[in-house]
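Those protein sequence lines, which keep their order, are chains A and B. For any residue, its number in this note's numbering is found by taking its place in the first sequence, counting from 1, and adding 12. For any residue, its number in this note's numbering is found by taking its place in the second sequence, counting from 1, and adding 88. For every residue, glycine included, the Cβ atom is placed at its ideal position computed from N, Cα and C.
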Amino acid sequence: MSARSLDGPKASERLATGVLWAVSALVCCVLLWILGDLVVRGAGVLSPEFLTEAPRDAGRAGGVGSLIVSTLWIVALAVLIALPLGFFTAVLLADHRASRLARCVRGCLDVLNAVPSIVFGLFGSGFFCVTLGLGYSILAGGLTLACMILPILIRTIEEALRAVPSDLALAAAALGVSRWTRLWRVVAPAALPAIAVGVVLGVGRALSETAALIFTSGYVTRYPDGWLDSGRALSVHIYDLAMNIPGADQRAYGSALVLIALLLIINTCVRLAARRFSARMAP
Amino acid sequence: MISARNVGVRFGGQPVVRGISLDLVCCRTTAIVGPSGTGKSSFLNALNRMTDLLPGATVEGEVIVGGRDVLAGAEAPPGLRQRIGMIFQRPNPFPMSIERNVHLALREHGERDKARLRAITEDCLRRVGLWDEVADRLGAPALQLSGGQQQRLCIARALALEPEALLFDEPTSALDPLSAEVIETLIRSLGQTLAIAVVTHDLAQARRLADDLAVFWYANGCGELAAAGPIEEVLAQPHAPAVTHYLSGIPRLEVS
């Protein structure tokens, strides 16, 4: 053991450690503050009825049950549409990582990722709602969100696939295993936990989206009849309550609390599923 | 039998090895030795067209398997690699159960019958001496096995395809000495029935394993074959001083 470690760390090192701790604590505090604020102001409205009923009186009464249903529909559609597209694009990018096509696609994705969501909303309402004639519908909202989360899905899945050791694909090839089976049975399962992280990020972005949905899935507050019906997402509801409806502040906070809970539940489920799956694969 | 005729490999147009003519015949083990960068692994990869997967690699010459030139496309890579298996330096079991490691390629090559799959699995795990160690946990993740066990599993899943030849690319250099010894013993026993090539930097290992020796040497800017033949003959031949010095690392034949 060196003399220095016997003396204990120097003052400058202690200071550095202190600063690091303080900054980390500050970040946690911000999160806790926001959550605490939501709970203090919104927990009062939570009740079984709040979670099951549709809003009444423009949201000053009733609940958010119909909005939870609409939100889940929209997000599920977005992920179901974006995941296969994103997966196969990512496979292409990971396979031809240095080609001109891949560089070009990657550049486009980075730009797309930085496009403000209101632009996606305008595009969605113009293309899906009007040109394709879907009108204000959950499907149009889902498609718009799918476009929006594609870049983040593709980039995370590409990273996930590239992180799988090339040994595995080579070993499979050396056994005469076809490219398709290599991808499907060897590389993709090995990348699954990291792919799940990408899905979680995508879901998070989709759940929190307001601007892209106002013009596409609409703001009708009743329970939707199906995916071609209009339905209001929770985040749109929060925006509406906070900005347009006097006297609904507490319900806005309550709705936000429900949204956060939904996010946590979905994230936990995806991660648990991925972990269970990979636990069967590796110790 | 695999016959390499004037085989060369280039990466991005730059030759790393060229002009290799070498026969791998049944029931003989060929050790391929030589300094790093003389294209031993590249040559090995050319034999079952694994070079197709290496970015920028091109192969010239002929590789005759069963009387036909496989480099000219006489046989599709999946079938070729089933006949000529390959074992890598680092054990690379798939992140799935022990059993599925063996089944994956078998299913791919059309074996679907559950009872047959089980029988083949037991047979090839027995051949690599792994059966008694894992019989009660075939469903356990293969990555739980030790390095040496993982390497034996990799050999087992290649054996399951009933290959005619196995190519080993430094099969023990990532293993501890005890595991390496087990793998060596295994290669010797497989050498009774298969054509085997072993790339190795361990000259004592070459002595222990090889019937034939191929020496790759750096000449004219890339790897070439300096000598090849039965190991005793190659060692008895005169060589360039550097080669002679290198080969002096191979222990004399032990007289018992």
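The Cβ neighbour count for Phe227(A), taken over all protein chains shown within 10 Å, is at least 16; the residue is labelled buried.
At a cut-off of 9 Å between C-beta atoms, Val209(A) does not count as an interface residue with respect to chain B. Listed in chain order, the positions of the stretch 185 to 201 of chain A with a beta carbon within less than 9 Å of a beta carbon of chain B are Ala185, Ala186, Leu187, Gly188, Val189, Ser190, Thr193, Arg197, Val198 and Pro201. Trp305(B) is bridged by DSSP to Glu312(B). For Ser109(B), the uninterrupted beta strand (DSSP E) segment begins and ends at Gln102 to Leu112.
The C-beta of Ser290(A) comes closer than 9 Å to at least one C-beta of chain B. Within chain A, the C-beta atoms nearer than 7 Å to that of Gln170(B) come from Gly188, in chain order.
Contacts with chain A at 9 Å (Cβ-Cβ) do not include His333(B). Taking every protein chain shown into account, the CB of His249(A) has 16 or more other CB atoms within 10 angstroms, so this residue is buried. For Val121(B) against Val303(B), the beta-carbon gap comes to about 6 Å, under 8 Å, which counts as contact.
Listed by position along chain A, the residues whose Cβ is nearer than 9 Å to that of Phe176(B) are Asp179, Leu182, Ala183 and Ala186.
Considering only beta carbons, the part of the stretch 178 to 202 of chain B lying closer than 7 Å to chain A consists of Arg178, Asn180, Phe182, Pro183, Met184, Leu192, Ala193, Glu196 and His197, in chain order. Beta-bridge partners assigned by DSSP to Ala92(B): Leu110(B) and Val151(B). Ile172(B) is bridged by DSSP to Ala253(B). Partner residues in the beta bridge of Ile284(B), as assigned by DSSP, are Thr117(B) and Leu254(B). Between the stretch 252 to 262 of chain B and the stretch 163 to 179 of chain B, the count of C-beta pairs closer than 8 Å reaches three or more; the two stretches touch. Unbroken alpha helix (DSSP H) runs of no fewer than 4 residues, entirely contained in the stretch 214 to 291 of chain A, are found at 223 to 226 and 246 to 255, following chain order. At a cut-off of 9 Å between C-beta atoms, Pro165(B) counts as an interface residue with respect to chain A. Straight-line spacing of the CA atoms in Trp239(A) and Gly138(A) works out to 19 Å.
About 10 Å separates the beta carbon of Gly133(A) from that of Ala152(A), a gap too long to meet the 8 Å contact definition. Distance check between Met184(B) and each of Gly227(B), Val270(B), Arg245(B) and Leu112(B) places Gly227(B) closest, using alpha-carbon atoms only. For Gly145(A), the secondary structure class from DSSP, reduced to helix, strand or coil, is coil. Within the model, the alpha-carbon separation for Leu182(A) versus Gly48(A) is close to 51 Å. Val287(B) and Arg116(B) have their C-alpha atoms some 14 Å from each other. Listed along the chain, the chain A residues whose CB falls inside 7 Å of the CB of Ala253(B) amount to none; the nearest CB is some 12 Å away. Just so you know, the alpha carbons of Leu213(B) and Ile243(B) end up roughly 9 Å apart. Put simply, the backbone Cα of Gly198(B) is about 13 Å away from that of Ile208(B).
Proximity to Arg188(B) across Leu205(B), Ala324(B) and Glu272(B) peaks at Leu205(B), based on C-alpha coordinates.
The residue from Ile90(B), Pro103(B) and Gly173(B) with its alpha-carbon nearest to that of Val158(B) is Ile90(B). Non-local C-beta neighbours of Trp85(A) in its own chain, meaning closer than 8 Å and more than five positions away in sequence, comprise Ile150, Gly154, Pro236, Trp239 and Gly243, ordered along the chain.
Against chain A, the CB of Cys212(B) has no partner CB under 9 Å away; the residue lies outside that interface. Boundaries of the alpha helix (DSSP H) around Glu210(B): Lys202 to Arg215.
Under the three-state reduction of DSSP output, Ser24(A) falls in the helix class. With respect to chain A, the C-beta atom of Arg240(B) has no partner C-beta closer than 9 Å.
Distances from the CA of Gly279(B) to each of Asp290(B), Arg215(B), Ala328(B) and Ala292(B) were compared; the closest alpha carbon is that of Arg215(B).
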